[in-house]
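Trainee:
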Amino acid sequence: MNSKSVQEIERAIDALTPEEREELYARLEEHYLQPEMELKAAIDAGRFDDRIARALADHKAGRTEPL
1 MNSKSVQEIE RAIDALTPEE REELYARLEE HYLQPEMELK AAIDAGRFDD
51 RIARALADHK AGRTEPL
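Numbering (our numbering), first residue to last: 1 to 67.
Below, the structure is given as structure tokens:
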């Protein structure tokens with residue numbers, strides 16, 4: 001994205017009503033939180049349980065090293 005595009009976006013945001021600006025902020029927050037929500041859903045569904053168990057077993061068996 002070039003700086004002209006950024007400036008155009010800034011001008012468009014400045015032209016929004018307070019209500020429109022709140023809606024924009026809510027949508028942006030939802031957009032940026034989406035990956036976090038998907039990860040939490042995967043964890044809650046147990047999709048990482050096998051990997052976690054394997055990592056803990058490797059650590060307990062001494063097959064890990066400090067970062």
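We put the CB at the ideal spot given by N, CA and C, even for glycine.
DSSP three-state call for L67: helix, strand or coil?
Mentor: Residue state, collapsed to three classes: coil.
Trainee: Can you give the Cα-Cα distance for E22 and L33, rounded to whole angstroms?
Mentor: Spanning the two alpha carbons is a distance of roughly 16 Å.
Trainee: Please report how far the alpha carbon of A55 lies from the alpha carbon of R47, in whole angstroms.
Mentor: Approximately 14 Å, taken between the alpha carbons.
Trainee: If you follow the alpha helix (DSSP H) that E33 is in, where does it begin and where does it stop?
Mentor: Just to set this straight, residue 33 is Leu in the shown sequence, not Glu. Looking at the DSSP string, the run of the alpha helix (DSSP H) that includes L33 is 18 to 44.
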